[in-house]
Amino acid sequence: IASGDPQSQFTITNGGVLQTRKALDRETQSFYNLVITVNDLAPPPMTRFTSTAQVSVILLDVNDCPPTFTSQTTAYIQENTPVDTLVFTAQASDADSGPNSYVEYSLKGPFGNKFSVGNIDGGVILVGELDREEMANYSLTVVATDKGEPPLSSSMEVTMIVLDVNDNTPGFSQNIYDIEIEENTLTGTDVLQVFASDADEGTNGQIRFSIAGGNVNSDFRIDSVTGVISVAKLLDRETRSSYSLLVQAADRGSSPRVDRATVNIVLLDVNDCAPVFELSPYSVSVQENLGNLPMNILQA
Numbered sequence: 001i002a003s004g005d006p007q008s009q010f011t012i013t014n015g016g017v018l019q020t021r022k023a024l025d026r027e028t029q030s031f032y033n034l035v036i037t038v039n040d041l042a043p044p045p046m047t048r049f050t051s052t053a054q055v056s057v058i059l060l061d062v063n064d065c066p067p068t069f070t071s072q073t074t075a076y077i078q079e080n081t082p083v084d085t086l087v088f089t090a091q092a093s094d095a096d097s098g099p100n101s102y103v104e105y106s107l108k109g110p111f112g113n114k115f116s117v118g119n120i121d122g123g124v125i126l127v128g129e130l131d132r133e134e135m136a137n138y139s140l141t142v143v144a145t146d147k148g149e150p151p152l153s154s155s156m157e158v159t160m161i162v163l164d165v166n167d168n169t170p171g172f173s174q175n176i177y178d179i180e181i182e183e184n185t186l187t188g189t190d191v192l193q194v195f196a197s198d199a200d201e202g203t204n205g206q207i208r209f210s211i212a213g214g215n216v217n218s219d220f221r222i223d224s225v226t227g228v229i230s231v232a233k234l235l236d237r238e239t240r241s242s243y244s245l246l247v248q249a250a251d252r253g254s255s256p257r258v259d260r261a262t263v264n265i266v267l268l269d270v271n272d273c274a275p276v277f278e279l280s281p282y283s284v285s286v287q288e289n290l291g292n293l294p295m296n297i298l299q300a
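See below:
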């Protein structure tokens, strides 16, 4: 072999039989152009005749390469994504040629009947509604199979992460709170803590509390984070004996969702008022020789 075989992959016998010396790989090199030299053995060597021939070797494909995935292994989906939306595209290539390189896709394993895949284009379609609060992520096994005989296949795990949408309204632990406090409760004293929860995550699930109504003269305040209600001003049962506060829990989503509850506060009396006579002074006229003073009623 005079040329065309730099890797010494071929050899030729004295009988002219061309043989392989190493394993061939069409995917590495599919064509060889060998120059074969032959000469006679006439003595002396200088009188020998030489001839050359060109031999083209074309390697035919054998299905020895499974498909190889080139796509990402993670996808992100909004939980309110409509059904029939393309959410991911699986991509795989096969180094073989012809039908041996044609790839078809399928899904296997549990995936909640939420997804399907196009067997030709690898497009993963959402076929069921999502709810992040029910299932936050899905693990899909995508299988790529070539059309060789026998077929070769490979698989890839794809994680579908469901992103939160603000679709849950905060909820108070109870709709009505009833408490009694003494009217001389000091300013700054905590009197009640309300509780609310939101099934969303991130800012969509963060709750801020406020008093939306009934807070006459702003006598009470609420901690926006903890929901603790405290006395903001001096109270006086004789001026106002009860309050009905409307407290609000709002999440921090881009379009906040709100729940409300009622807090009924009754002020208990303390002995903080001295008696006051209705008339002052009282005047009574009596005769000087009376043995007993007449009875008179003093009101206070």
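Numbering (the UniProt record's numbering), first residue to last: 1 to 300.
C-beta atoms are modelled at their ideal positions from N, C-alpha and C, and glycine is treated no differently.
- The beta-bridge partner set that DSSP reports for M46 is empty.
- In the assembly as shown, V194 is a buried residue. Its beta-carbon has 16 or more other beta-carbons within 10 Å.
- Of the candidates V158, A261 and C65, the residue whose Cα lies closest to the Cα of S244 is A261.
- Looking at the DSSP output, E157 sits in a beta bridge with T141.
- The Cβ neighbour count for L234, taken over all protein chains shown within 10 Å, is under 16; the residue is labelled exposed.
- Annotated three-state conformation of N204 is helix, per DSSP.
- Just so you know, the alpha carbons of S285 and E278 end up roughly 19 Å apart.
- Secondary structure at V103: strand, using DSSP grouped into helix, strand and coil.
- By the criterion of a C-beta distance shorter than 8 Å, F69 is surrounded in its chain by A90, Q91, A92, V142, A144, S154 and M156, once the five residues flanking it on both sides are discounted.
- With 16 or more other CB atoms across the displayed protein chains lying within 10 angstroms of its CB, I265 is buried.
- Around the CB of A249, 16 or more other CB atoms lie within 10 Å, so the residue is classed as buried.
- Nearest in C-alpha terms to V162, of all of C65, V117, P281 and Y76, is Y76.
- In this structure, the CA atom of L59 is about 6 Å from the CA atom of R26.
- S241 carries a coil assignment under DSSP once its states are collapsed to helix, strand and coil.
- Secondary-structure assignment with DSSP links D259 through a beta bridge to A249.
- Burial state of R132 is buried, judged by a 10 Å Cβ sphere holding 16 or more other Cβ atoms.
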